[in-house]
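A.B. asks:
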Amino acid sequence: MSKINVAVLGATGSVGQRFIQLLENHPYFQVTHLCASENSAGKTYADVMKKRWKISGDIPKYARDIIITLPDPKVTPGVKLAFSGLDASVAGEVETSFAQAGIHIISNSKNHRMVENVPLLSAEVNANHLDVLSSQKTPGKIITNSNCTIMGVTISLKPLYEKFGIESVMLFSMQAISGAGYPGVPTMDILGNVVPFIGGEEDKAEIEPLKCLGKAEGGKIVNADFKISAHCNRVPVFDGHTVCVSVKFKKKPTESEILEAWSSFKGEPQELKLPLAPDFPILYRQEEDRPQPRLDLETGKGMTTVVGRLRPDPILDWKYVVLSHNTVRGAAGAAILNAELMYRKNLL
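Start counting the sequence shown at 1; every next residue gets the next number (full-length UniProt numbering).
Here you go:
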């Protein structure tokens, strides 16, 4: 199969930059168009990003001389797939226009996440949700990522939900400042501080895992049937969302049964050996003080969900800590992995 021409929408933002980094020399996809606002359109990516490139390493050579265009399917000829890192204020309309033009959209934005026939796709968790794409009426299909906060949480819950059933979940997030984009949270608001509010975040954390863990039936997604209570906080960490999770099960497992469920968990990305798929989606750290963003964030090139501190919960059943890379596994990396899955399943 030949490479597919792709566009990155919102290419100058923090998620767009991560897309551009991860797509360098990709075996399935070739970036031909970078799209951004009128302020950037008509200029080379290198000129626009001289002072705006905020992730480690230089701007990939392939992207430097690409002329930025508006996020409009009329000016992206030959593109079959678009990765969207657009802001929610414009993403809904723009992504729909691409789908109407026959271009598949894999979006990191929230606008279409809860539409019942749009997969909220986490490749290892719910690959079968791609079945509902046939019920979308546009020639191009829309697929979304979940919120970055709950990406690792949902992956950690998947094997437990399948094996033991879940009655309820309580989670407390400690979210990195990169999740707020650039320039993000003002320095004087976050240094030496914890901000116990992130607009809209708790609602997403309480509903999106239920769709991810739901069932594809009759051309739509039916949510899972347990409840989640979430507290979401911004903390002075650059990358990496840490979440403390407590779970009440329908069938209470032992510690060894939970650890076995995590260690044996694999999905279609591992079976197909997709380029961005980690060998194991979940890694359990035995140390009593892990996971930590500084030490564990790059596990599996940022695509592995790192779990630790499993112990009994005196109110629910068990509790543990989850760490995931919010701009890799929680955003651009997850979207590219979803696209790799679709590519191998001949859905592009």
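Note that CB positions come from ideal geometry on N, CA and C, so glycine has one too. Computed from a prediction, not measured in an experiment: that's the story for all the values here.
Using 7 Å as the threshold, is the C-beta distance between E152 and S14 below it?
C.D. replies: Going by the sequence as given, residue 152 is Gly instead of Glu. The answer is no: Cβ separation not under 7 Å.
A.B. asks: Give the range of the alpha helix (DSSP H) segment to which V90 is assigned.
C.D. replies: A88 to Q100
A.B. asks: In its own chain, which residues sit with a C-beta less than 7 Å from the C-beta of V132, not counting the 5 before and 5 after it?
C.D. replies: N117, P119, A216, G219, K220 and I221
A.B. asks: Could you name each continuous alpha helix (DSSP H) segment of 4 residues or more that falls completely within the stretch 314-345, going from the start of the chain to the end?
C.D. replies: For the stretch 314-345, the full-length alpha helix (DSSP H) segments reaching 4 residues or more read 333-344 along the chain.
A.B. asks: Is H129 helix, strand or coil by DSSP?
C.D. replies: The DSSP-derived three-state label of H129 is helix.
A.B. asks: If you draw a straight line from the alpha carbon of V79 to that of L121, how long is it in whole angstroms?
C.D. replies: 22 Å
A.B. asks: As an exercise, report each continuous alpha helix (DSSP H) stretch of at least 4 residues that is fully enclosed by the stretch 191-234, in chain order.
C.D. replies: Within the stretch 191-234, the runs of alpha helix (DSSP H) at least 4 residues long that lie entirely inside it are, in chain order, 201-212.
A.B. asks: Are three or more beta carbon pairs between the stretch 159-179 and the stretch 127-144 nearer than 8 Å?
C.D. replies: Judged by Cβ distances under 8 Å, the stretch 159-179 makes no contact with the stretch 127-144, as fewer than three pairs qualify.
A.B. asks: I think P186 touches V237, with their Cβ atoms under 8 Å apart; what is that distance to the nearest whole Å?
C.D. replies: That belief does not hold up - the Cβ atoms of P186 and V237 are roughly 16 Å apart, past 8 Å.
A.B. asks: Taking 7 Å as the threshold (C-beta atoms), are K110 and A88 in contact?
C.D. replies: yes
A.B. asks: Please go through the stretch 137-187 and give each complete beta strand (DSSP E) segment of 3 or more residues, from N-terminal end onward.
C.D. replies: 142-144 and 166-175
A.B. asks: For K43, collect the residues of the same chain with a Cβ closer than 8 Å to its Cβ; drop the 5 residues on either side in sequence, then sort them by chain order.
C.D. replies: I67 and I68
A.B. asks: Hey, is the stretch 201-213 in contact with the stretch 247-262, meaning 3+ C-beta pairs nearer than 8 Å?
C.D. replies: no
A.B. asks: Give me the Cβ distance between V75 and L9, rounded to the nearest whole Å; I'm assuming they're in contact under 8 Å.
C.D. replies: With 8 Å as the limit, V75 and L9 do not qualify as a contact, their Cβ atoms being about 12 Å apart.
A.B. asks: Rounded to whole angstroms, what is the Cα-Cα separation between Q136 and F98?
C.D. replies: 13 Å
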